[in-house]
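Participant: Using this note's numbering, you'd call the opening residue of the sequence shown number 24 and step up by one each time.
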Amino acid sequence: MAPKNTQTTPSSCQNHATARKHPPERSGRPERSGRPGSFAAVLLAGAAAVLPLAAQAQSTPESSPSMYLQYGAAEHSADSWTVGVTVPWRNWRHALWGGQLSGYWDVWGARWSAPLEGRDRGTWVIGVNPTVRWRPSNGQSPWFAETGVGLSWALNRRYVTDEKEFPTRYNFATHIGVGYLFGSQGQHELVLRLEHHSNAGIKKPNPGENFLQLRYAHHF
24 MAPKNTQTTP SSCQNHATAR KHPPERSGRP ERSGRPGSFA AVLLAGAAAV
74 LPLAAQAQST PESSPSMYLQ YGAAEHSADS WTVGVTVPWR NWRHALWGGQ
124 LSGYWDVWGA RWSAPLEGRD RGTWVIGVNP TVRWRPSNGQ SPWFAETGVG
174 LSWALNRRYV TDEKEFPTRY NFATHIGVGY LFGSQGQHEL VLRLEHHSNA
224 GIKKPNPGEN FLQLRYAHHF
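#1: With respect to the beta strand (DSSP E) encompassing S125, which residues constitute its N-terminal and C-terminal limits?
#2: With a 10 Å radius around its C-beta and 16 neighbouring C-beta atoms as the bar for buried, classify H117 as buried or exposed.
#3: Buried or exposed: where does W120 fall if 16 or more other Cβ atoms within 10 Å of its Cβ makes it buried?
#4: Please confirm if the region 182-191 is in contact with the region 154-162, defined as three or more CB-CB distances below 8 Å between the two stretches.
#5: Evaluate the contact criterion for the region 176-185 versus the region 140-150: three or more CB pairs, one atom per stretch, below 8 Å.
#6: Can at least three beta-carbon pairs, one atom from the region 88-97 and one from the region 216-234, be found at a separation below 8 Å?
#7: Suppose you measure from the CA of G202 to the CA of N114; what does that come to, to the nearest Å?
#8: Taking the C-alpha atoms as reference points, what is the distance between P88 and L213?
#9: May I ask which residues mark the beginning and end of the beta strand (DSSP E) holding N272?
#10: Alpha carbon to alpha carbon, how far is L215 from R238?
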């Protein structure tokens, strides 16, 4: 069978040459692979939304330590002066009753004084109190309530007054309190607390002591 002759006309050659010189134009739509411009815009928009929230979270009192000075008064002319620091539990936050729970370690040292046989008797005490705090309005309110249970230790002597005598140097410290945050970023706080110290009946007698305390704290 004889091979078929294919003839190429001059017009067809010109068309092929034109196609090689002028490739077909691409559509004006951007390619889907990559899309660097759109991806960068999304990143910038996300950063603009997240960074103010992160800065606000870093400035909240629950995320920063504090130092404080505290005065307490008890019955029968007993009182106490306390200095301490608080260290937040950074990864512990929970929603509760329309508010937010957070927590911190409270490490402190105090001097308790009370009259004993006509003179002032001082007892130096150190302690640590894990404390939980609740702030309403999803954690945005300046008001808060807190409670905690910890341990205390009398360094130089047992706490003894004209009215009562502690049988142990170690005791449990429990408290409840209400407070208010103020300042441009809530860096200042005032707390009114009721704190009870006793050994929970481990050794008798166990009279316990109740201090009504006022605390000023500054967050850094």
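Don't be surprised by glycine CBs; every beta carbon is placed ideally from N, CA and C.
Facilitator: Inspection of the coordinates gives the following:
#1: 122-139
#2: exposed
#3: exposed
#4: The answer is no - the region 154-162 does not touch the region 182-191, with fewer than three Cβ pairs under 8 Å.
#5: Touching, yes, given that three or more Cβ pairs across the two stretches are closer than 8 Å.
#6: yes
#7: 22 Å
#8: 15 Å
#9: Lying outside 24 to 243, the shown extent of the chain, residue 272 is not represented and no answer is given.
#10: 7 Å
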